[in-house]
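Notes for the one structure printed next.
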Amino acid sequence: MHPGPIDGARLLPTPEFAHPEAAVADPGFRRLQRALELTTGLDLGAYKERQMMRRITGFMSREGLRDLEQLADAVSRDAAVRQRLLDFLAINVTEFFRNPERYEELARIVLPELLQRFGRLRIWSAGCSNGAEPYSLAILVDELDPGSADRHQILGTDIDREALAEARKAVYTEDRLKEVSPVRRQRYFRPLPDGWWELVPEVRRYVRFTVHNLLRDPYPPGQHLILCRNVIIYFTETAKQEIFAKLAASLVPGGYLLVGSTETIFQPARYGLRAAAPFLYVRMEAG
Ligand SMILES: C[S@@+](CC[C@H](N)C(=O)[O-])C[C@H]1O[C@@H](n2cnc3c(N)ncnc32)[C@H](O)[C@@H]1O
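If you want it as structure tokens, here you go:
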């Protein structure tokens, strides 16, 4: 990941467009939007204007770019700038067992039920950042069905290639592990010098990573469990609805979708989903 602020809160001191609605009508913004869409597939139009413009202004001041025209030029010309902007917009913050109560529910109720019903599981962590989420799932699956990496598939996807490169390395700093119990740490992680921790190969084997843009790419079908958490908060209402519909269609009947703690799905029935617990939905059986 690019060294520098990726935490939204730290971007606040940078100048802001007083009226993001006006900024997005700026011809420079249109050029930037086209350049990004062509080169990365990212559609800025699907992101909430105010948050996105705040991040873009933060990025411009960090890179010493004067206006949106300059940024559009830099993005068209320079792959490194493009990647840095993507990192900056994406906000990759994550950790193992983020919101532990949700993982307890998965371990106690959802995964045992799915294992019993389907035997072999396909699990998808959509917007997985540096891999902490799919690896947390791999730990749960391994605890319930030890040494079963050949039986179950866990897919981690993200739009951000750098985050996925980190995920494949599977080496983490202490702060990503604060929700990992001592027993799990002992069993699934090896200490490295300078406070880093490496995930053991037995857990890494469960997870495969690939680049995927939730706004553009086809969704993998036949999933038994999908986690899509803290990703769609950045999207417009229209984009969110499209994503929920496609995520629901990717589930097998009886499969579960877990979303983030600010991402409640209103009227889940219109996507063929039923609320099973807070932020957890189950795909209804056909008919
Ligand atoms: C805050 S992280 C969430 C990580 C993890 N799901 C969690 O809750 O801890 C958001 C991730 O969404 C990814 N993302 C943003 N837009 C995306 C898109 N259009 N398609 C796929 N991933 C996207 C970002 O790259 C980032 O890694």
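So for the sequence shown, the numbering used here puts the first residue at 6; every next one is plus one.
Even for Gly, the Cβ is constructed at its ideal location relative to N, Cα and C.
Please read all numbers here as calculations on a predicted model, not as lab measurements.
How far does the alpha helix (DSSP H) with residue i in it reach, from first residue to last?
i, result
"Val146", "137–149"
"Glu203", "Per DSSP, Glu203 belongs to no alpha helix (DSSP H); it is in the beta strand (DSSP E), 201–204."
"Arg107", "105–110"
"Leu169", "166–174"
"Val287", "Counting along the chain, Val287 falls outside any alpha helix (DSSP H), though it belongs to the beta strand (DSSP E) covering 285–288."
"Ser66", "54–68"
Whole angstroms is fine: what's the gap from residue i's alpha carbon to residue j's?
i, j, result
"Glu290", "Arg82", "50 Å"
"Leu220", "Pro187", "38 Å"
"Cys133", "Gly277", "24 Å"
"Arg156", "Phe123", "11 Å"
"Gly259", "Phe214", "25 Å"
"Ala77", "Gln38", "8 Å"
"Val284", "Glu109", "Per the sequence shown, the amino acid found at residue 284 is Phe instead of Val. Those two C-alpha atoms are separated by around 14 Å."
Could you give the first and the last residue of the continuous beta strand (DSSP E) run that contains residue i?
i, result
"Gly259", "256–264"
"Gly124", "Where Gly124 is concerned, there is no enclosing beta strand (DSSP E), given that its DSSP letter is neither H nor E."
"Gln158", "158–163"
"Ile231", "228–233"
"Arg195", "194–196"
"Ala280", "278–282"
"Phe271", "Phe271 -> no beta strand (DSSP E), and no H or E assigned at all."
"Arg213", "212–216"
Can you tell me whether residue i is buried or exposed, with buried defined as 16 or more other CB within 10 angstroms of its CB?
i, result
"Ala30", "exposed"
"Arg113", "exposed"
"Glu138", "buried"
"Gly63", "buried"
"Ala85", "exposed"
"Gly69", "exposed"
"Glu106", "exposed"
"Lys174", "exposed"
"Gly9", "With a pLDDT of 32 at Gly9, under the threshold of 50, the modelled position of that residue is not reliable, and the figure given next carries that caveat. Exposed is the call here."
"Lys245", "buried"
"Ala51", "buried"
"Ser141", "buried"
"Tyr90", "Here residue 90 turns out to be Leu, not Tyr, going by the sequence shown. That one is buried."
"Gly227", "exposed"
"Ala280", "exposed"
"Arg275", "exposed"
"Pro196", "exposed"
Throw me the rounded Cβ distance for the residue i and residue j pair, which I believe falls under 8 Å.
i, j, result
"Ala131", "Ile270", "With 8 Å as the limit, Ala131 and Ile270 do not qualify as a contact, their Cβ atoms being about 14 Å apart."
"Ala170", "Ile159", "With 8 Å as the limit, Ala170 and Ile159 do not qualify as a contact, their Cβ atoms being about 18 Å apart."
"Leu182", "Phe101", "6 Å"
"Trp201", "Tyr177", "7 Å"
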